[in-house]
């Protein structure tokens with residue numbers, strides 16, 4: 391009688407999980423391995439500045455606004 395639980399663990403076959411490979415082109419992106427030119431740091435800064443200056447849409451909810459509403463509620467769910 392064997393007393394250890396993992397005595398045969400090394401002899402079992404391990405299950406292989408295959409991952410689906412999605413090509414970059416299907417996602418509408420360039421394969422980074424094939425593209426030799428990387429954007430310059432100045433180009434990245436321009437893109438970030440442009441995105442930040444466009445701001446948020448009117449439909450975007452602020453997380454800080456949600457926290458204030460939750461803080462004003464009592465246990466019964468009524469607003470103070």
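Numbering (my numbering), first residue to last: 391 to 470. Cβ atoms here follow ideal geometry from the backbone N, Cα and C, with glycine treated the same way. None of the values given here were measured: they were computed from a predicted structure.
Spatial neighbours of residue 414 within its chain, please: CB distance less than 7 Å, with the 5 preceding and 5 following residues excluded, ordered by chain position.
-> As a first step, residue 414 is located in the chain shown; it is residue number 24 there, counting from the start. Hits under 7 Å: 420, 421.
Residue 438 versus residue 404: straight-line alpha-carbon distance, rounded | Mapped onto the chain shown, residue 438 falls at position 48. Mapped onto the chain shown, residue 404 falls at position 14. Near 46 Å, if we compare the C-alpha coordinates of residue 404 and residue 438.
What's the gap between the Cα of residue 436 and the Cα of residue 427?
-> The residue given as residue 436 occupies position 46 in the chain shown. The residue given as residue 427 occupies position 37 in the chain shown. Rounded to whole angstroms, residue 436 to residue 427 spans 17 Å at the Cα level.
In whole angstroms, what is the alpha-carbon distance linking residue 448 and residue 440?
-> Counting from one through the chain shown, the residue named residue 448 turns up at place 58. Counting from one through the chain shown, the residue named residue 440 turns up at place 50. Taking the straight line joining both Cα atoms gives about 18 Å.
Go through its chain and collect everything with a Cβ distance to residue 434's Cβ below 6 Å, but skip five positions before and after it.
-> By one-based count along the chain shown, residue 434 stands at place 44. Result list for residue 434: empty, nothing under 6 Å.
Is DSSP giving residue 439 helix, strand or coil here?
-> Counted from its first residue, the chain shown places residue 439 at position 49. Here residue 439 sits in helix by DSSP.
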